[in-house]
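Participant: Take any residue in the sequence shown, note its place counting from 1, add 130, and you have its number in my numbering.
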Amino acid sequence: MNPIVQDLSVAIGLLLLLLVSLEAGFRIGRRAAADSDAGAGAQLGAVQGAILGLLGLLLGFSFAAAGARFIERQDLIVSEANAIGTAYLRADLLEDPFRTELKGALKRYVEHRVEVTSRLRYGVTAADAAEIEQLHARMWTAAIAGVNKRPETMVSVLPPLNDVIDLHSTRLYAGMKHLPTIVMGLLICSSMLSVGVIAYGYGTGGSRRPSLTVPLAIVIGVALWVTIDLDRPRAGLIQLNDLPLQSLKLQ
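#1: With DSSP collapsed to three states, give me the class of S377.
#2: Measuring only the C-alpha atoms, how far is W270 from R229?
#3: Give the straight-line distance between the Cα atoms of A347 and E153, rounded to the nearest whole angstrom.
#4: Does the contact criterion of 3 or more C-beta pairs under 8 Å hold for the segment 325 to 344 versus the segment 139 to 156?
#5: For N371, which three-state DSSP category applies?
#6: Can you name, in chain order, every residue of its own chain whose Cβ lies under 6 Å from the Cβ of R301, other than the five neighbours on each side?
#7: Have a look at L184, F193 and R238 and flag the residue whose alpha-carbon is nearest the alpha-carbon of A267.
#8: Apply the 10 Å Cβ neighbour rule to K279 and answer buried if 16 or more other Cβ atoms are within range, or exposed otherwise.
#9: Is L219 closer than 8 Å to L317 when the C-beta atoms are compared?
#10: Can you tell me which of the three DSSP states E225 falls into?
#11: Please confirm whether L148 and S337 have their CB atoms less than 8 Å apart.
#12: Could you tell me the distance, in whole angstroms, from the CA atom of P310 to the CA atom of F193?
#13: How long is the line joining the alpha carbons of L184 and C319, rounded to whole angstroms?
#14: Taking all protein chains shown into account, decide if R249 is buried (16 or more other Cβ within 10 angstroms of its Cβ) or exposed.
#15: Do A272 and E225 have their beta-carbon atoms positioned less than 8 Å apart in this structure?
#16: Let me know if V327 comes out buried or exposed under the rule of 16 or more other beta-carbons within 10 Å of its beta-carbon.
#17: Got a sec? Which residues, its chain only, sit under 8 Å from Q376 by beta carbon, not counting five neighbours each side?
#18: Where does the unbroken alpha helix (DSSP H) through T300 begin, and where does it stop?
#19: In this structure, does DSSP put V244 in helix, strand or coil?
#20: Do you know offhand how far L380's Cα is from V208's?
#21: If distances are taken between C-alpha atoms only, which option among R339, R203 and V352 comes closest to M306?
#22: Answer yes or no: the CB of A198 versus the heavy atoms of the ligand PLP, is any distance below 7 Å?
#23: Can a CB atom of chain D be found closer than 8 Å to the CB of D372?
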């Protein structure tokens, strides 16, 4: 499915759930209006405040965690591009044919990384993972052979190349860190309960007040959608920027 269509489907689905909760809360409130007493309004206000406070806490922590992971992933792309650029420059310290072999492997590695990240919303395939391992082995073999010819280059050549290999694993596992499913479920349920309780209060008063309740539902829905999008930055509209890798000039 097209990522834009998929993302819009998620947003529309969240909004529909919240609007259904509004309507259900209002109707339940209308039915309960006859049984309410004088103190029910104060009790309902306390419940509404508690639920909205809980929702704000859950949304705040979840949004902050998703945003922090998004920034971490973007920083890792910059770190990987810097490491590749450094390793490519340090390859000049080696003699041919090891210099040419290492530079060729690094250039192909960057091309492959850009190709893979363009379709990463489907996950890393076995073929992609196998080619990455082959390129790592090719780079390391060329570097070791070149260093054996010129041992004095070891400290300059091997550390940045080791960083390139390590950053692949770091990026791979950083991309696997998401909000737990149970937390997302709790967020959605808390959002539905919050708007439902607010609509319940209006139901007991006999007035829908859509000019107040619908915008609230939209704002909560957008906050949920952005949190989900930030948490999965290869599957939605909010995407990581691969420009640092694409901008590498490896001749």
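Just so it is clear, CB atoms sit at the ideal spot from N, CA and C, and this is done for glycine as well.
Facilitator: Taking the geometry as given:
#1: Position 247 of the sequence shown, counted from the first residue, corresponds to residue 377. Looking at S377 - three-state DSSP - the assignment turns out to be coil, as it is neither helix nor strand.
#2: Looking up residue 270 in the sequence shown gives position 140. Looking up residue 229 in the sequence shown gives position 99. The alpha-carbon atoms of W270 and R229 are separated by roughly 12 Å.
#3: Locating residue 347 in the sequence shown gives position 217, counting from the first residue. Locating residue 153 in the sequence shown gives position 23, counting from the first residue. Between A347 and E153, the C-alpha separation is close to 11 Å.
#4: yes
#5: The residue given as residue 371 occupies position 241 in the sequence shown. Here N371 sits in coil by DSSP.
#6: On the sequence shown, residue 301 is found 171 positions in, with the first residue counted as 1. Hits under 6 Å: L206.
#7: On the sequence shown, residue 267 is found 137 positions in, with the first residue counted as 1. Comparing Cα positions, the closest option is R238.
#8: Counted from its first residue, the sequence shown places residue 279 at position 149. Exposed, by the Cβ-count rule.
#9: Working through the sequence shown from its first residue, we reach residue 317 at position 187. Working through the sequence shown from its first residue, we reach residue 219 at position 89. For L317 and L219, no; Cβs fall outside 8 Å.
#10: The residue given as residue 225 occupies position 95 in the sequence shown. DSSP places E225 in coil when its eight states are reduced to three.
#11: On the sequence shown, residue 148 is found 18 positions in, with the first residue counted as 1. On the sequence shown, residue 337 is found 207 positions in, with the first residue counted as 1. Not a contact, by the Cβ cut-off of 8 Å.
#12: Counted from its first residue, the sequence shown places residue 310 at position 180. Counted from its first residue, the sequence shown places residue 193 at position 63. Rounded to the nearest angstrom, the two C-alpha atoms are 13 Å apart.
#13: Within the sequence shown, numbered from 1, the residue matching residue 184 stands at position 54. Within the sequence shown, numbered from 1, the residue matching residue 319 stands at position 189. C-alpha separation (whole angstroms): 12 Å.
#14: In the sequence shown, the residue the question calls residue 249 occupies position 119. It is exposed - the Cβ of R249 has fewer than 16 other Cβ atoms within 10 Å.
#15: Walking along the sequence shown from the start, residue 225 turns up at place 95. Walking along the sequence shown from the start, residue 272 turns up at place 142. No, these two residues do not count as a Cβ contact at 8 Å.
#16: Translated into positions along the sequence shown, residue 327 becomes position 197. Answer is buried; the Cβ neighbour count reaches 16.
#17: Counting from 1 along the sequence shown, the entry for residue 376 is found at position 246. Once the five neighbours on either side are set aside, the close Cβ partners of Q376 are V244.
#18: As a first step, residue 300 must be located in the sequence shown, where it is residue number 170. Looking at the DSSP string, the run of the alpha helix (DSSP H) that includes T300 is M284 to A304.
#19: Numbered from 1 along the sequence shown, position 114 holds the residue referred to as residue 244. Three-state result, V244: helix.
#20: The residue you call residue 380 lines up with position 250 of the sequence shown. The residue you call residue 208 lines up with position 78 of the sequence shown. C-alpha separation (whole angstroms): 16 Å.
#21: On the sequence shown, residue 306 is found 176 positions in, with the first residue counted as 1. The residue with the shortest Cα to Cα distance from M306 is R203.
#22: Questions concerning the ligand PLP fall outside what the structure shown contains, since it holds no ligand whatsoever.
#23: This model lacks chain D altogether, as it is built from one protein chain only.
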